[in-house]
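Protein chains in written order, with my numbering: chain P, 6 to 193; chain Z, 6 to 193.
Comments concern the structure below.
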DNA sequence: CGTTTGCTTGAATTCTGTCAAAGCAGGTGG
DNA sequence: CCACCTGCTTTGACAGAATTCAAGCAAACG
C-alpha cells in the first residue's frame with residue numbers, strides 16, 4: 006500500500022488507523038468495477054492499472070468521462086455518498102489492482118479520523134477545480150486543441166487507452182480523431 | 006441573514022458562532038465582485054440578486070461558467086483556497102446583496118466549527134456532482150437540448166440573464182441561440 | 001433625443017458527425 | 001504456428017451543425 010503513503014499526507018500513526026479499512030482487489034481487463042444502475046458500495050484507490058468511467062446515452066453511445074491510473078481515486082460519488090443508483094459504469098482497461106474501502110468503513114473513518122476527513126476535503130476540492138477546468142476547455146477549445154491538451158497533460162493515456170475512448174473523452178467521434186491525427190502528422 | 010438559516014442545516018447555537026464571520030455587501034448591476042487576475046480574499050453567499058462567473062479566452066471572447074442566484078455560493082475556489090490568482094471574473098447581473106466571508110474567518114471556522122466544516126464538505130460534494138452532470142450534458146446533448154434543459158432547470162434565469170450570456174453558458178454563439186429560439190417558436 | 005447595447009437574420013464558411021468500405025491489428029482455437 | 005475472427009483504426013465522400021460576418025432593428029439609457 007505504498008501509494009496511499011506516498012502522498013505523504015498522513016503520519017505513521019494515522020496510517021495505522023486508516024489502512025486496515027482497505028482491502029486489496031484485482032480486476033481483469035474489461036472487467037467492471039461497478040455497473041450503471043447498481044448501488045456503489047465501495048470506492049477505489051488505484052494502485053496499478055487503468056480504469057475508465059463511462060455512460061451510455063439515450064442513443065446507446067458510450068461516453069468516457071474519466072480515466073484513472075496509478076494514484077487516482079475512482080468511484081461513483083453520487084451513488085456511494087447519496088445511496089442512489091450509479092449513473093456511470095467503471096471498467097478496467099488493463100489488469101488493475103486497487104485498494105477498496107466500503108461505505109461503512111468510509112463513514113467510520115470520516116467520523117473518527119480527522120486527518121482522513123481533511124484528506125477527503127482536499128480530494129474533493131481538487132476534483133472540483135479539475136472538473137471546472139475541463140468544462141472551460143470544452144467551451145474554449147476546438148476538438149484539435151483538446152486533443153493536444155490531452156497529449157500534454159496525460160501522455161501516458163495515449164498508449165494505454167484505445168483511440169475510441171480517447172475520442173469520446175474529448176467529445177468527438179473516433180473517425181474525426183483519426184482525421185485530426187492524420188492532419189497533424191502531415192503538417193509536422 | 007435568513008437564507009443561511011433557511012438551509013436549516015445549523016442549530017441556533019452553531020449559527021451564533023458562524024454568522025458573526027459574515028459581512029453584508031452590495032453590488033450594483035455590472036459591478037465586479039472579483040476580477041480575473043486578482044487574489045480572491047472572500048467568498049459570497051447570495052442573498053438577493055444574480056451573479057455570473059465568466060472567463061475571457063485567448064481570442065477575447067467571454068464564456069459564462071456559472072450563474073448564482075438567491076441561496077447560491079459564489080467564489081473562486083482556486084484563488085480563495087490555494088491563494089493563486091483568479092482565472093475567472095465574477096459580475097453582478099442585477100443589483101445584488103451578498104454575505105461575504107473573508108479567508109481568515111473562513112479558515113478559522115473550518116478549524117474550530119465542526120458543523121461548518123461538514124456543511125462545506127456537503128457543499129463541495131454537491132458542486133462536484135452538479136459539475137459532473139454538466140460535463141455529461143455537454144457530451145450527450147445537442148445545443149438545442151442543452152437549451153431546453155436550461156429552460157427546465159433554471160427557468161428563472163431566462164428572464165433575468167441576457168441571451169448572450171445564456172448562449173455562452175450552454176456553449177454556443179448568441180446568433181445560434183437566436184436560430185434555436187426562432188425554430189422552436191415556429192415548430193410549436 | 002442620440003447613443004449604446006443587445007437581439008435577430010441571412011449567406012458564406014468552417015467544423016464535426018455520419019456512413020460505408022477497407023485495412024490492420026490482436027486474440028483464439030485448431 | 002497458422003488461419004480465422006473480431007474489433008479497432010483509417011479513409012473519403014457527404015450531410016448537418018455551429019460559427020462568422022455584416023447588416024438592420026429594437027430596446028434601454030443617459
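Backbone N, C-alpha and C define an ideal beta-carbon position, used for all residues, glycine too.
All figures in this text were calculated on a predicted structure; none of them were measured in a lab.
Sequence-distant residues of its chain with Cβ nearer than 8 Å to residue i (five each side left out)
| i | result |
| --- | --- |
| residue 161 of chain Z | 74 |
| residue 125 of chain P | 115 |
Exposure of residue i, with buried meaning 16 or more beta-carbon neighbours within 10 Å
| i | result |
| --- | --- |
| residue 80 of chain Z | buried |
| residue 151 of chain P | buried |
| residue 137 of chain Z | buried |
| residue 38 of chain P | buried |
| residue 163 of chain P | exposed |
| residue 158 of chain Z | exposed |
| residue 172 of chain Z | buried |
| residue 127 of chain Z | exposed |
| residue 17 of chain P | exposed |
| residue 91 of chain Z | buried |
| residue 139 of chain P | buried |
| residue 189 of chain Z | exposed |
Assigned secondary structure, residue i (DSSP; H/G/I helix, E/B strand, else coil)
| i | result |
| --- | --- |
| residue 72 of chain P | strand |
| residue 77 of chain P | coil |
| residue 56 of chain P | strand |
| residue 188 of chain P | helix |
| residue 49 of chain P | strand |
| residue 83 of chain P | helix |
| residue 41 of chain P | coil |
| residue 166 of chain P | coil |
| residue 15 of chain Z | coil |
| residue 67 of chain Z | strand |
| residue 90 of chain P | strand |
| residue 30 of chain Z | strand |
| residue 6 of chain Z | Because the pLDDT of residue 6 of chain Z is 48, which lies under 50, any placement of that residue in the model is unreliable, and the number read from its coordinates should be weighed accordingly. The answer is coil: DSSP assigns residue 6 of chain Z none of H, G, I, E or B. |
Reference residue i; option with closest CA among the options
| i | options | result |
| --- | --- | --- |
| residue 100 of chain P | P/82, P/156, P/40 and P/34 | P/34 |
| residue 104 of chain Z | Z/120, Z/31, Z/187 and Z/147 | Z/31 |
| residue 50 of chain P | P/41, P/40, P/95 and P/63 | P/95 |
| residue 43 of chain Z | Z/135, Z/83 and Z/136 | Z/83 |
| residue 98 of chain Z | Z/122, Z/119 and Z/59 | Z/59 |
| residue 36 of chain Z | Z/52, Z/67, Z/92 and Z/56 | Z/56 |
| residue 53 of chain P | P/67, P/65 and P/72 | P/72 |
| residue 65 of chain P | Z/145, Z/182 and Z/169 | Z/145 |
| residue 67 of chain Z | Z/106, Z/121, Z/169 and Z/111 | Z/169 |
| residue 63 of chain P | Z/78, Z/130 and Z/141 | Z/141 |
| residue 108 of chain P | P/41, P/19 and P/47 | P/47 |
| residue 22 of chain Z | Z/76, Z/86 and Z/121 | Z/121 |
| residue 143 of chain Z | Z/130, Z/131, Z/177 and Z/132 | Z/177 |
| residue 41 of chain P | P/165, P/85, P/76 and P/24 | P/85 |
6 Å CB neighbourhood of residue i in its chain, flanking five on each side removed
| i | result |
| --- | --- |
| residue 149 of chain P | 185 |
| residue 77 of chain Z | 51 |
7 Å Cβ shell around residue i - same chain, five flanking residues per side excluded
| i | result |
| --- | --- |
| residue 14 of chain Z | 124 |
| residue 70 of chain P | 58, 59, 60 and 93 |
| residue 175 of chain P | 148, 151, 152 and 155 |
| residue 26 of chain Z | 106, 110 and 114 |
| residue 89 of chain Z | 83 |
Review point. Which full runs of the alpha helix (DSSP H) of 4+ residues lie inside the stretch 93-129 of chain P, going along the chain?
Key: 108-117
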